[in-house]
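>
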Amino acid sequence: MAKRKMRKAPAKTGIAAAPYTTFNDLNNYLRTETDRKDVAGVIRNQIRQDFSGDELKLMLNAPDYFYHFNALPATVILWKQQNLPMPKGYDFDRTMQSFYEELKEGAEKKVVESAKPTDRLIKTPHELMKQKTDKFFAEVEYVIDLWPNHPKFNMYNEMTLVSLSAVSARTVFDYYERILDELRELVEKKTPDLIEAYDHLSVKQRKAYYEFMRELVGDAKKYILAKKATRAIRTPRVRTADRQVAKLQYAKTSDEFKLTSINPMSIIGSVRLYVFNTKTRTVSEYLTESPKGFQMKGTTLQGWDKVKSRQTKLRKPDEGLNMVLTKTPTAIGKWWTTLTTKTNSCNGRINNDTILLRVFDR
């Protein structure tokens, strides 16, 4: 009698494939690898267990982003369902109570707004952008509220994940930069009023909170610069720009340094170019005195001045890249003179490890 072939079980996906190795692994999986509807389903099922009647209807009628973009409550729920011990700083009842309070407030606000008479149902682009910005703010604030027991949160990656617009990113950056300035004054100048306001934190905690906020603001700034770098160019500087860069090999992004290359067509016709080699950590400044500006042939830059062009290795890449990405050529030149690393000549070649940082017309 022939043996029956065993059927392979289908591969698990979605919530069923969620890892329970650590609490943070589960949380990161729900935020980045799971369909938002699955996350919402976990939260809504828990709501159905905890509420009934009119209160249940209210709690299920909040704006969708409360269910779709709150991975932490879903993480806590799934973690408890597996009867796993809660990590230090987390408590199921406290987390859910805090979430339910925000959810109820959002649901009641939605009821009030839906009762208002309106002449139109279609939202303007500005309203849609504001709504998306508010959703992102809510997610960031939720993480900050849990500090220092917050899950891993990378502002740059989160902005990229939701495709936040440059305008929205600037709004987020400006808001948290003001808080960062206040914390900097607290830590460095020890202003009495601020010390009183933050007296619930020890000196060590104040410094840690400052570093936490500094990282958030720094990542937001890098995201804004990345959006600026990829902004579409309306017209090429010369008609043949697209053909000149057609075979150019360069690094479009760098996760390690959180960089994004500018459109290579912007090199054609410009007179100053900054590039960064992610493998050697070398920044190069190219100059040209050609009336046509830079030209490109294959992967080699054409028309650059071999005497005035220069390159050097960055010992502190974050500091150096921030200078090159945000300052004027004059300021960059003054900064360059302060470097202790040796300045060398360039070779004009651009390869797969090269990020195209910036161009100037002067």
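In our numbering, the protein residues as written are 25 to 386.
Note that beta-carbon positions come from the ideal geometry of N, C-alpha and C, so glycine has one too.
This structure is a prediction, so every number in the text was calculated from the model and none was measured.
1) Which ranges would you report for the alpha helix (DSSP H) in the segment 319-366 if only whole runs of at least 4 residues count?
2) Where S138 and D266 are concerned, what is the direct C-alpha to C-alpha distance, given to the nearest angstrom?
3) Over the uninterrupted alpha helix (DSSP H) stretch that includes F22, give me the two end residues.
4) Quick one: which unbroken alpha helix (DSSP H) runs of 4-plus residues sit fully inside the segment 181-210? Chain order, please.
5) In its own chain, which residues sit with a C-beta less than 7 Å from the C-beta of F75, not counting the 5 before and 5 after it?
6) Contact check, K276 vs T304 under 8 Å by CB: the rounded distance?
7) Helix, strand or coil, according to DSSP, for G305 in the structure here?
8) Would you call the CB atoms of I248 and V383 closer than 8 Å?
9) Kindly list the residues whose CB is nearer than 8 Å to the CB of T119, restricted to its own chain and excluding five residues on each side of it in sequence; keep chain order.
10) Report the option in E125, V136, D62 and V196 whose CA atom is closest to the CA atom of V164.
11) Taking buried to mean at least 16 other C-beta atoms within 10 Å of its own C-beta, is Y44 buried or exposed?
12) Let's test the definition: count the other Cβ atoms within 10 Å of the Cβ of L185 and tell me whether it reaches 16, buried, or not, exposed.
13) For T378, does the count of other Cβ atoms within 10 angstroms reach 16, so buried, or fall short, so exposed?
14) If contacts are defined as beta-carbon pairs under 8 Å, then T312 and V299 qualify, I think. What distance do you get, rounded to the angstrom?
15) By DSSP's criteria, F90 is part of a beta bridge. Which residues make up the other side?
On the basis of the supplied data:
1) The qualifying runs are 341-350 and 353-361.
2) Answer to the nearest angstrom: the Cα atoms are 51 Å apart.
3) Not covered by the structure: residue 22. The range shown for the chain is 25 to 386.
4) The qualifying runs are 190-208.
5) These residues qualify, in order along the chain: M83.
6) No, K276 and T304 are not in contact; Cβ-Cβ is about 18 Å, not under 8 Å.
7) The question names Gly, yet the displayed sequence has Arg at residue 305. Here R305 sits in coil by DSSP.
8) For I248 and V383, no; Cβs fall outside 8 Å.
9) Within the same chain, Cβ atoms closer than 8 Å to the Cβ of T119 are found at L96, P97 and V100, the five residues on either side in sequence being excluded.
10) Closest option to V164, Cα to Cα, is V196.
11) Exposed, since its Cβ has fewer than 16 Cβ neighbours within 10 Å.
12) Classification of L185: exposed, given that the 10 Å Cβ count is below 16.
13) Result: buried.
14) Rounded to whole angstroms, the Cβ separation of T312 and V299 is 14 Å, and the two are not in contact under 8 Å.
15) DSSP lists no partner for F90.
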